[in-house]
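Data block below; observations after.
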Amino acid sequence: MSGNDPGAGSAGAILRSARESRDLSVSQVAEQLRLSAADVSAMEEDRCERLGPPVFARGHLRKYAVLVGADPEAVLDAHARIEGAGTQPSLLIPPASAHRPVQREPRWFRPALSLLVIVLVVMAAAAAGWWAWGRFQASGEGEAAGPPVPAPFQEPSVPVIEPSGDEVGPAAAPADADADAEAADEGKSTAATVEPRQESQATASPPVRAPATARDGQSSGLVLSFSGSCWLEIYDAAGRRLAYELAQPGESRRYAGPGPWRVVLGNVLAARLVVNGAEVSIPGRLMVQNTASLLVDGDGNVERVSLPVS
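Heads up: the sequence shown runs through residues 15 to 324, numbered per the working numbering.
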């Protein structure tokens, strides 16, 4: 059988015979048709479903026939007979994947997804802000409460014994002279008893701290004066505690050093700060319910800080 007289063979047999008559290899035909060697072998074995839809398969069969000098119509007729006889799967039915519908997202999907992401971000930011605000409120209340303020020391009152009118009256009767003498003796003994008690109470009273500014008269360092009762804590630059007390009205304190100092005030409006001779004002934004925890440097700059850990 030659390429010009294909006979009644199948399309693949016709093409194979024509190729062999021209001494062409499968690789050479594949190179000319720009197909793979497996595709060429599939056409010669009548497995044209490998080539895709029927219209593509018939086009490749026609090109193959023209290349090897076979009659294209005879090749296509032989291919059609094989399809009609049902000897191979019909090429009219493309592979399932050839016409599989492409699943596309609905038009509303991306806008809805973007809106959902925005809502989630806003909710997360709101939750973070709420949490941070709660922490800030809790820290502010803790600083406002401050440490327990000790009660100021009060000296016990000393009873004062005054002599009665009978003891000092110039018109006392002579009959009462003995009684007056006895009363005088009792008054002396009572006074002798009261005087040691007053001396012991004076000894037990704590010494009043003299204002530091009155001692040295220097203006350098940190000076605090108070117009009312105020809880006071002072820490130096190394974190050492210099004061932990309740300052009374009219008192003042001075602390030497280059600074900075950490200052805790329980009654800011009753305190006056002077740094190296210059008065320092405390902004209202640094106060929490008339209390403040501050860092004061040698230039008079103040900022809010947390309480140091004792």
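Here a beta-carbon is modelled for each residue, glycine too, at the ideal position from N, C-alpha and C. As the structure is a prediction and not an experimental result, all values here were calculated from the model.
When the distance is taken between beta carbons, is L29 closer than 8 Å to A79?
yes
Within 8 Å, do at least three Cβ pairs link the stretch 74-90 to the stretch 43-59?
yes
Which of the three DSSP states is assigned to V319 in this structure?
coil
Give the straight-line distance between the Cα atoms of L287 and S153, rounded to the nearest whole angstrom.
24 Å
S239 versus A284: straight-line alpha-carbon distance, rounded
8 Å
Which residue from S241, R276, A146 puts its Cα closest to that of E265?
S241
Which partner residues does W122 have in the DSSP bridge list?
Paired residues: none, contrary to the question.
Do S234 and N315 count as a contact pair if the criterion is CB distance below 8 Å?
no
Under three-state DSSP, which class holds S55?
helix
Is the beta carbon of R276 sitting closer than 8 Å to the one on L300?
no
Give the DSSP-derived three-state secondary structure of S239 in the structure shown.
strand
Where does R36 fall in DSSP's three states?
coil
Quick one: using the 10 Å Cβ neighbour count with 16 as the cut-off for buried, is S320 buried or exposed?
exposed
I need the boundaries of the alpha helix (DSSP H) containing V80, first residue and last residue.
68-82
For G273 and D313, what's the separation of their Cα atoms in angstroms?
9 Å
Between the Cα of S31 and those of A84, P297, Q42, P67, spot the shortest distance and give me the residue it belongs to.
A84
Would you mind stating whether R268 and V310 have Cβ atoms separated by less than 8 Å?
no
Where does the unbroken beta strand (DSSP E) through A292 begin, and where does it stop?
292-294
In the DSSP assignment, what are the bridge partners of I248?
A257, V277
Look up A270 in the DSSP assignment and say whether it is helix, strand or coil.
coil
What's the C-alpha gap between F150 and A141?
14 Å
Measuring only the C-alpha atoms, how far is G66 from V135?
49 Å
Rounded straight-line distance, which links the Cα of I96 to that of A122
Checking the sequence, you will find Trp at residue 122 rather than Ala. Whole-angstrom Cα-Cα distance: 50 Å.
Rounded to the nearest angstrom, what separates G148 and V302 at their Cα positions?
15 Å
Name, in chain order, the residues that DSSP records as bridge partners for V289.
L236, A292
Can you have a look at S307 and say buried or exposed, based on whether 16 or more other CB atoms are within 10 angstroms of its CB?
buried
Got a sec? Which residues, its chain only, sit under 7 Å from R33 by beta carbon, not counting five neighbours each side?
V43, V82
Would you mind reading off the limits of the beta strand (DSSP E) that contains A306?
306-310
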